[in-house]
Structure formats: C-alpha cells, structure tokens
Amino acid sequence: MTSLPSSSDNDLPDTFYKEGRNCWQKGRADKAAILIDCAAYYRALYHALSNAEHSVFILGWDIDGRIELLRGKEAEGLEVPPRLFDLIRWKAEENPDLKIYLNRWNYSIFYMKERDPFSGLKWDWQFPDNVYFCSDYKVPFLGCHHQKIITVDDKIAFCGGMDIALGRWDKRQHHVHMPERTDPPGAFQPSGQHDYNPYHDIQMVLAGKDMRIFSELVRQRWKRGSGYDAIPIREKGEHESASLPKAVKKDFSDIEFAVSRTMPKTHKTERVQEILQGYIDEISRAEKFIYIENQYATCEDIARALNKRLKEKPDLHVLVVSCHKPRGIIERKAMWTGRVKFTDIAGKDVPASRFAITYPICGENGDTTTIHIHSKIMIVDDKILRVGSTNLNRRSMGFDTECDVSLKANNKATRSRIADIRSDLIREHTGREIEDIEKIINGGESLDILLEHQEHSRQHLNRANDEEFRHEKFAHFAQKIGDTATPPIISNFPAKQVIFTAVILGLLVFALWSLFGPTIAELFNKDKLTALVESAKGSVWGPFMIIGIYVLSGIVFFPIMALNLITAIVFGPLWGLIYGLLGSLASAAFSYGIGRVIGQKTVNFFHSATEKVRQYADRGGILGMTLIRMVPIAPYTLVNLAFGITGVSFLSYMISTGFGLLPGIFAKAMLGGAIGELFENPEPKVIFYTVASILLWIGIIWATHRFYNHYKHKIKS
C-alpha cells in the first residue's frame, strides 16, 4: 500500500529517495543528458555501440535489427554501418572479445504487425558466437517486459521510453511529412517501406562508475530470461573514466540519480512497486508546476496524488501532454475510458485553469496531424526530473516490468537546467519562446494561456475532450484484460487460468469417455479409432467428439500423425485440415496444462525433452518452438508436457504449435483426402492427385528436416 510523505517547502532532503520504498538503488552520474526524440537517441546509440569494448546489453520491448540508426545525409559515407543488424555483426566480428546480449520480450500476438517475425532466427543464424539472443517470456500471462535499458561497457546506460522498433524515429520538428520517417514492414504487411505519423519520445543517457546499477539489472533479467549467466560486471578500476557518446551534449554533471522498478509477482519473484511510490512521493513535493508527458493516464493512485497536491497548493498547476485518440478497440475501451476517470479524479474541485490533459498537433502546407506521444517524463518544479518506461496506467504500476530514473537537483545550476528542459519541451509543443513560457509558469498564470495557438508556430497543444469514451460498453472487461495492476486471476505462474480450464475440461472429457464409452485400451487401435471418427462424422456433436478423441489420444501417446491422417481420410481435405488443427491444439493445451501442474519436480524424468525445448524456446522464441513442432524430435505428448514443465509462455506455445503443425497437417489432409477418394473412385486423375499428395508430404518432411538441422547447428554453436 502506497503512502504520502509529509510535505515541505524546502529542497529535497538527502534521504528523500529510500531504497526499498521509492527506489531500488541510488547512485551518482558523472554526466547525464536528456535525448529528445528518436533521431537524437539513435544517433547517440550508434556512436556508443560503435565504440563498445567489453559488453553490450540491449533490453527492450522490441529489438528490430532492420532499423536504421542514422538516416538521410548522416548515413552517407560511413565506415560503420547504420543499420542495427549490420552494426552489431560488424562490431562482433571486429572485436571477438566483445560480448553482446540482446534480450527482447517474447511478444503478444496482438503486436505481430509491429514486429519482424523472423528476428530471432536472424540473430541466431547470421551472427558470430559472441552475440547472444534471448526471447524473454518470463512474465505473467497477459503481462509484458516493458523495460528499455541499454548498457555499454558497464559505464554508459540508456533508460527511458524508446525501443529500437518500427515507427519510432523522428526529429523534434515533427514535420507532417518527412522522407526519412519510413520503416520496413511488420508481420503480414506488404513489402516495401512504410510511412508513419510524427512520433515523440524521450530517453536518458548517463555515464559513470555507478552505471553498475543498470549493469546489475540487465544481468538479472538475462539470467532469468535465458537461464544462464552473462559476462560478469567489470571491476570498478577498469572503467573509472566515463564519457557520454559522441554527438551528445551533457545536461548535468555529478548528479544524484535513483533507479526505480515495477516487477510483477511470479512464482519466483515478489511484486515490486517502487515506481508507483516514487511518483506519489515526488508529486507530494510539488509547489508551482508539474509537467508530465505520457502515452496513457489511467492510474487512479496517481490521479488522487495529483488532486491532493493541487488542493494543498493553490498556486500549483499541472500540465499533462498525452495522445489524442486511441489506437484500436482495446485502447479505446481500457485506456481512454480509464483516462476519463483519471481526469475526473485529478481535476475534482480544481479549476480547469490549473489542470489540463492535452495533445499536440502539427500543421504545414494545409495538412494537419496529431503527434503520437510515447514519452514518459515528469518534471516537478525545478527539483525532480523523472524519465523511464512507465506509462501512467495501472499495468505499469504492478503488472509489467518497468524501469525509471529520477534526477534530483542538488545545486542551483542543476535546478536551472531542469527548468530549461521543461520549458524547452513546452516550446516544442506550443511554439512559444522559452522566456515567455517561464514567465507564464513563474507568474502562476492560467494553463489556457499556454494552450493559445501561436500564429507563427506549426505545433500547438489542444485540451483533450474524452467525453465520447465515458460510457464505452465492456470497458470493465477490457480494463481487466488490457490495463490491470494484477493478473486477471491471481497466479504464481503464467497462464494459470488457461491451464486450469484446460485441465478441468480434459479431465471431464476423460471421465465421460471412461463412464460411457469403450475403455481406453480398447479404443485406441487404428481400426476402432477409424470407426469412432466415422461415427463422429454423422453426429451433430461431431466436432466436440473429434476434439475429445484428440485429447484422449494424447493421454495414451497415440501417434498424432496417424490420427491426423485418419481424420483427413474420413472428413476429406478441408474439414480434415480444420479438425486436425483444432484437435491437435486442444491436445497440446491439455498436455501443456498437465506439464505446468506437475512442474519442475519431473524435470529429471523428462530431462532430454525439457532441455531441448528450453534451449529452443530461450534462444529461438516463437520460431524456435515452431521448428520443434515441424520435426518430431520426440512423441507429440512428451513435447507438450516438456513445454508445460519448462514454463514457456502459453500464448507463444500455442502460436508456435499452430504454425509448426500447419504444414504437416495440410499435407496429411491432402493425402488423406486423396486416399479416401481413391478407395471410392480409382481414376487416373485421382491416382495422380494421391501421388502428388505423397510427394508434397515427402517434400515438406525433407524441407523441415533440412531447416531444422541448420537451425540445430546454429543453436549448438
């Protein structure tokens, strides 16, 4: 439970940030800078990676190797390539002693269109042995890894809201149209470059010996995600001297910082809510002006803290810059309905002139568009500057992994620079002169003055009006799915509710068949199984009977390939394909659930299968697991149990199962349909169709084995 500290008009005391309460660890940076928008961040990252000597850790929601870190004229005539894939490969080959660790969240299917679907394979196949890739799924069901941290040589650290991902790069001018603002396609998108709208984000870069704090965090995440240790942190004496990357102008010197986290509760870790407490504590120290940029605003604890302080301090003003409209139905029903409530709570009994949620727009040559806000920054007066990955929604405060950095002013120069950064950000969004902005803030004038459009400016802030989202249907359900601070059902491991349902349904099917049908031993021979499938064909309960047969066949380890072929012979190619895929997935879900229930106690018994599954899941992600499905390295049910025992993400497991089984089931459906037709109508064209189906099956088997052997060699290396 979070709490408010006592308020004071004085500067922040040395004990304001307390480890274990509102931060994880504290340190002091030799130098620090705020990188505004991705062009500046990618430029700094390019130079930092180019000069890496010992280690690089990239921790992110996404890591897309196709991204060009430098664009336009900056990218011309370079010795070091600007594309991330090429830069990492070049650096790894140039310095074999350098260790590079890439830790990316093993993403939800909802984000497939924003991802490179083959990135895991590319990192594994095309890179030297000193590049390590982990597709990290160690997060509760429906949660995500949202921390965005990069460390270089344990002496430079980046932390903030930016990923190396599609649709991020932009300059501070945020022109409506910009030639360089294009990226490669995501999954299921047409080939070629894709344009996107203006995009605003913020990252912090720090340098100094206390970057060991970030080094410790990224190594903890690597060990938890990959299952093995990374290279140790260098001894302090090896990196006493630290400089910011080339092309970065420092904003601060010798400044105190505090690192705070959100970590969800899992079966191995306790819940951590340092970020939520940090926000509340920092808000409680505001006197004149709080400036916030954030993609979302739904966390009611933050809204209450703002309202409390606004009432305590009549001169306090709060300006929030956020997004205009939701992207998709989940955002609409979860985040924007939540923002209505956030606004109601924060602004209760407070004049609109002192509290405003706004969104930026830009216009030129008759075209106008909104600027997408992805930054997560809060500036409290001239005392505190917080940058991180945390959205002001519920899930970022307790369900996803997050990391923020807070800078605390310790002298007049630092306070002045914090105020300058705040005013410069407002200038970017409003077009006003910095001196004018500071006069409005210091004079306690109405926020409406800041929102007045300037005729000379391309960019403006508009007050958000979210009334249309107040009465969204199914909003409560959407918030439980898309914006909850805890898992929808309290669980000690991912997908518990899915597993529980699968186990109960499977046991129910098993009990019904045991009571009312033939015994399992009698049922599962090919003749009786074929007869049973035939009986299902003419029944209205046929689909459910088929799925039940698949689940039961998994229990007795009946060969899934034979069952798929029988199903195709009886139902024909189309329905054989559909029933085969649905039945195989149902059997996979049930066996996975059993594996999760029996858990780690049986790892030794299934050691060979679990180790292979763990290796492919950790290093190959969804596509690595898909290959296991394409080549029968062990009986189908045993592989399913192994996946459950190792605890891979249920959603990733089901996606990879579907993708991996589809080619084989398709081939068997074609072959089964051909065989069924051949028995009834042995004409030459049917014989040709049957032979072609056999050749297709052989071709798929040959191709998948070849693909698998190449991948297996890469994994072992």
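Numbering-wise, the sequence shown is residues 248 to 964 according to my numbering.
By construction, the Cβ of each residue, glycine as well, lies at the ideal position given by its N, Cα and C atoms.
Tell me which same chain residues have a C-beta within less than 7 Å of the C-beta of residue i, skipping the five on either side of it?
i, result
"F602", "L557, V565, A593, G594"
"A322", "E315, P329"
"R428", "W416, D417, D442, Y443"
"E649", "H393, Q394, R508, T509, I522, G635, S636, T637, S643"
"N657", "I502, E503"
"L829", "I794"
"T398", "F304, A404, M458, F461, S462, V465"
Report the rounded CA-to-CA distance for residue i versus residue j, giving the unit in angstroms.
i, j, result
"P492", "L821", "58 Å"
"D457", "S507", "15 Å"
"F263", "E675", "31 Å"
"F716", "Q542", "17 Å"
"S738", "I631", "With a pLDDT of 47 at S738, under the threshold of 50, the predicted position of this residue should be treated as unreliable, though the coordinate-derived value follows. If you take the alpha carbons of S738 and I631, they lie about 36 Å apart."
"Y797", "A836", "11 Å"
"N1042", "L325", "It is not possible to answer for residue 1042, since the shown part of the chain is limited to 248 through 964."
"K470", "T661", "37 Å"
"R579", "P431", "27 Å"
"E680", "F646", "40 Å"
"K420", "R318", "Strictly speaking, residue 420 in this sequence is Gln, with Lys absent from that position. Each residue's alpha carbon lies about 15 Å from the other."
"A611", "M425", "Sequence check: residue 611 is Glu here, not Ala. The alpha-carbon atoms of E611 and M425 are separated by roughly 12 Å."
"R481", "D284", "31 Å"
"G690", "V567", "19 Å"
"W271", "D629", "23 Å"
"I305", "F897", "25 Å"
"G267", "T617", "40 Å"
"L639", "I825", "43 Å"
"R705", "E699", "13 Å"
"I902", "G842", "18 Å"
"G840", "H301", "42 Å"
"V327", "L334", "7 Å"
"M451", "G525", "18 Å"
"K555", "S569", "21 Å"
"I604", "E547", "15 Å"
"E559", "L553", "10 Å"
Do residue i and residue j have their CB atoms nearer than 9 Å?
i, j, result
"I314", "R290", "no"
"C406", "V627", "no"
"A732", "R641", "yes"
"S473", "C381", "yes"
"N709", "P607", "yes"
"A599", "D695", "yes"
"E503", "I620", "no"
"D730", "G585", "yes"
"R664", "F499", "yes"
"I347", "I624", "no"
"G307", "W370", "no"
"A581", "A711", "no"
Can you check DSSP and say which residues form a bridge with residue i?
i, result
"V519", "M510"
"L349", "I305, F380"
"M582", "M582 is not bridged to any residue."
"A544", "L639"
"D442", "T429"
"S500", "K278"
"M625", "I539, R633"
"C650", "R508"
"M644", "None; M644 has no bridge partner."
"D614", "E611"
Can you name, in chain order, every residue of its own chain whose Cβ lies under 8 Å from the Cβ of residue i, other than the five neighbours on each side?
i, result
"A489", "D277, K278, K402, I403, A454, G455, K456, M458"
"I684", "S670, I673, R674, T677, L697"
"D614", "V423, H424"
"L259", "R532, K630, I631, K655, A656"
"V519", "W271, R508, T509, M510"
"Q701", "T677, G678, R679, H707"
"K496", "A280"
"L292", "L316, I397, F405, I411, P492"
Who are the Cβ neighbours of residue i in its own chain at under 6 Å, not counting the five residues just before and after it?
i, result
"F589", "A544, T545, A550"
"I688", "F536"
"A505", "Y264, C270, K273, S653"
"T748", "Residue placement at T748 is flagged as unreliable, the pLDDT there being 48, under the threshold of 50; a coordinate-derived value is accordingly withheld."
"E719", "K580, T584"
"I310", "L349, R351, I411"
Does any residue of chain C bring its CB to less than 9 Å from the CB of residue i?
i, result
"Q440", "In summary, chain C is missing from the structure at hand, where a single protein chain is found."
Inter-stretch contact (C-beta, 8 Å, three-pair minimum) for the region 385–400 and the region 502–516: yes
If we count Cβ pairs, one from each stretch, closer than 8 Å, do we get three or more for the region 372–386 versus the region 335–345? Yes, the region 372–386 is in contact with the region 335–345.
Counting Cβ pairs closer than 8 Å, one from the region 314–329 and one from the region 408–421, do we hit at least three? yes
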